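> With our numbering, letter number 36 in the sequence shown gets 37, and the count goes up by one each step, no holes.
Just so it is clear, CB atoms sit at the ideal spot from N, CA and C, and this is done for glycine as well.
In this text the structure is predicted, and so the values were computed from the model without any measurement.
Have a look at the structure that comes next, please.
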Amino acid sequence: MQEESFFDRQRSYLFAIAYRMLGSAADADDMVQEAWLRWQRDDRSGVSNPRGYLAGVVTRLCLDRLRELKRRREEYVGPWLPEPLLTQAPADGGELAESLSLAFLTMLERLTPVERAVFLLRQVFGYEYAEIAAIVGKSEANCRQQFSRAQKAIAEARPRFETSREAQQRMLQGFLEAVGSGDLSRIESILREDVEFISDGGGKAVAARRVLHGRSEVAKFLHGLAHRSPEGVSFEFAPVNGQLGLLLKLQGRLETVFVIESVDGAAQTIRAIRNPDKLARIG
């Protein structure tokens, strides 16, 4: 009973690692459950740091799963986005909070599985290189190289957008009003010139099959959506991966999760998650 209580106290921590590794809450749940089975089965008589031991088990499980998912995502229909979570940012903020955002999780897709593990364990969860080396089965020198490459890739791709809740709410409210007006010029006014619209339907819901680029193309797409909007559509604000997001519901059923990143009050990146498999957890 005591061992079970210890593991239960680590569940949210292990889920945090697994979710950031995989970008999928369903897969993260599976990894934590498998870690529990191994925790029950393995000989842990020489384990001096049980929490670190479990983090290592989950990370190695995620490395194997991530290699499988990489192959699947190459065949994914349209753009791929992480599975959203209805959750506030962690109270301690910093790297742990930023690493929860959809923008950050999407950036991690640029990394190899091992680079991803090394970067997250070092940058987000604060592990020493010796600990990381033991977890991923590499030398400390190799882990330092992996981290350096990952850090450079993330720095080059890291977006800069407004993070205050007030700015996010203004952006979402302006988005709703502009799109709801059906006025093309008004929609264009809330978009940056180099705006991107990323829509994930996974072949299971109507969505753009490619990333849309530029104010004109994105505005026309949103304008078309506004004119095809059926009866019974409602919207509500909700915390999505630590940011303020927008839930679109049709007759009470969740259809789309929007997260919009803005710069200087105009939309820079619009992410729309429509794949019903990714909405099931929060729907």
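Using a Cβ-Cβ cut-off of 8 Å (strictly less than) and excluding sequence neighbours within five positions of I136, which residues of its own chain qualify?
So the list reads A56, G57, T60, R61, A118, L122, Y128, once near-sequence residues are dropped.
> Run through DSSP, which three-state label would V258 get?
In the structure shown, V258 adopts extended strand secondary structure according to DSSP, grouped into three states.
> Going by beta-carbon coordinates alone, are W40 and G203 separated by less than 9 Å?
no
> Taking Cβ positions, are N242 and L101 nearer each other than 9 Å?
yes
> If you reduce the DSSP assignment to three classes, tell me which class P51 lands in.
helix
> Which term fits F120, buried or exposed, when burial requires 16 or more other beta carbons within 10 angstroms of its beta carbon?
F120 is buried by the Cβ-count criterion.
> Between I271 and I199, is the Cβ-Cβ spacing less than 9 Å?
yes
> What residues are listed by DSSP as bridge partners for R117?
Answer by DSSP bridge pairing: none, since R117 is not bridged.
> Near Q146, what residues of its chain come up, given a Cβ to Cβ distance below 7 Å and the 5 sequence neighbours on each side ignored?
none
> For M2, which residues from the same chain have a beta carbon less than 6 Å from its beta carbon, with the 5 sequence-adjacent residues on both sides left out?
Caution is warranted here: a pLDDT of 48 is assigned to M2, below 50, making its placement in the model unreliable, and the coordinate value is therefore given only provisionally. None.
> Quick one: grab the DSSP three-state call for F198.
strand
> Looking only at DSSP bridge pairs, what is S263 linked to?
A268
> Closest to P231 by CA distance: which of E96, K250, D44, N50 is it?
K250
> Going by the beta-carbon positions, is the gap between L245 and V258 smaller than 9 Å?
No, these two residues do not count as a Cβ contact at 9 Å.
> Run the CB neighbour count on A281, radius 10 Å, all protein chains shown included, and call it buried at 16 or more, exposed below.
exposed
> Cβ of R193 within 9 Å of Cβ of A268?
yes
> Check whether the region 171-181 and the region 42-55 are in contact - that is, three or more C-beta pairs closer than 8 Å.
no
> Counting pairs of Cβ atoms below 8 Å between the region 231-240 and the region 212-222, do you hit three or more?
no
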